[in-house]
Amino acid sequence: MSIRQDTRHLYLQVIEQIKRDIENGIFLEKQKLPSEFQLSKSLGVSRATLREALRILEEEGVVTRRHGVGTFVNPKPLFTSGIEELDSVTGMIAKSGMTPGSQYLSADLIEPTEEDRKRFSPLEVHSIAKVERVRTADDQPVVYCTDKIPEGLLPIDQIREADSLFNVLERYTGKTIGYAVTHIEPIGFHERISPILNCETDQALLLLRQMHYSQDDVPMLLSSNYFRADKFSFHVLRKRV
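By this note's numbering, the letter at position 149 of the sequence shown is numbered 149, and the numbering carries on one by one without gaps.
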């Protein structure tokens with residue numbers, strides 16, 4: 001169906017039409033789209049216009065283009081959250097209607113690095129409980145988590161038994177986690193983590209590095225969470241100042 005009757009930029013029309021076709025089930029998740037020649041012909045636009053639309057759709061995470069292979073529809077994320085909303089991974093999974101779970105890989109006391117000491121300042125940190133685990137949703141691995149907690153805040157036996165570190169940390173210390181400073185980094189295939197999360201070789205991960213603070217500004221939890229980018233999406237509300 002030609003879309004030239006619309007007066008807006010053609011590539012915007014193409015983007016909306018492809019999204020509409022995905023929403024209506026004409027193009028299914030993980031399905032390969034028709035060739036550029038076929039798609040541009042059916043939409044009545046040039047291949048240059050189509051390529052610009054596909055470029056933007058890829059940036060938005062709607063499709064993935066594989067060089068020499070074709071363009072594929074990405075699955076919709078199962079979990080979405082505003083990045084300004086501080087919630088545990090357990091809470092995010094539970095809100096989606098799925099059952100959260102944990103697979104513990106390790107929980108040990110380690111000597112903090114110089115970077116750890118700086119991040120937890122002004123606390124004097126002599127040893128750190130480091131926990132590595134895989135978070136699951138309905139028993140499917142979706143997040144790889146590395147958490148660091150100063151030993152004095154929470155005994156390691158409490159950590160090993162915890163489902164939500166947020167809840168156990170707050171319960172044990174009597175302090176409420178009030179906010180976190182977050183850095184987001186998209187990364188490609190990770191040699192160790194991607195296979196654990198059952199990722200395909202071309203699937204990206206979203207790494208969230210976060211230092212969580214109590215309401216009185218005490219650093220309590222340093223986490224590095226690797227989210228499957230096809231399962232999670234994050235957004236932020238930005239206001240004009």
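Beta carbons are placed, not taken as given, at the ideal position from N, Cα and C, and that holds for glycine.
- Here the C-alpha atom of Gln-140 lies approximately 17 angstroms from the C-alpha atom of Glu-132.
- Beta-bridge pairing by DSSP links Gly-70 to Arg-66.
- The DSSP assignment places 114-120 as complete runs of the alpha helix (DSSP H) inside the region 103-142, in order along the chain (cut-off: 4 residues).
- Burial of Asn-225 is indicated by the presence of at least 16 other C-beta atoms within 10 angstroms of its C-beta.
- The straight-line gap separating the alpha-carbon atoms of Phe-120 and Val-236 is approximately 26 angstroms.
- Judged by DSSP secondary structure, Met-92 falls within the alpha helix (DSSP H) whose first and last residues are 89-95.
- By the C-beta criterion, the region 176-194 is judged not to be in contact with the region 149-161, since fewer than 3 inter-stretch pairs fall below 8 angstroms.
- Counting only residues of its own chain and dropping the five nearest sequence neighbours on each side, Gly-70 has a CB closer than 6 angstroms to the CB of Lys-32.
- At the C-beta level, Arg-65 and Ile-93 stay beyond 9 angstroms of one another.
- Inter-segment contact for the region 46-54 and the region 11-18 is present: three or more beta-carbon pairs are separated by less than 8 angstroms.
- Excluding its 5 nearest sequence neighbours in each direction, Ser-40 has C-beta neighbours in its own chain below 6 angstroms: Arg-47, Leu-50, listed in chain order.
- Under the three-state reduction of DSSP output, Asn-167 falls in the helix class.
- Ranked by how close their Cα comes to the Cα of Glu-111, the residues Lys-130, Pro-100, Gly-97 have Lys-130 in first place.
- Contact between Ala-180 and Tyr-213 holds: CB atoms are separated by about 7 angstroms, below the 8 angstroms threshold.
- Lys-19 is positioned such that its CB atom lies closer than 9 angstroms to that of Leu-57.
- Scanning its chain for C-beta atoms nearer than 8 angstroms, with the 5 sequence neighbours on each side dropped, one finds around Asp-108 the residues Ala-129, Lys-130, Ile-156, in chain order.
- Pairing Gly-174 with Asn-167, the inter-Cα distance amounts to about 10 angstroms.
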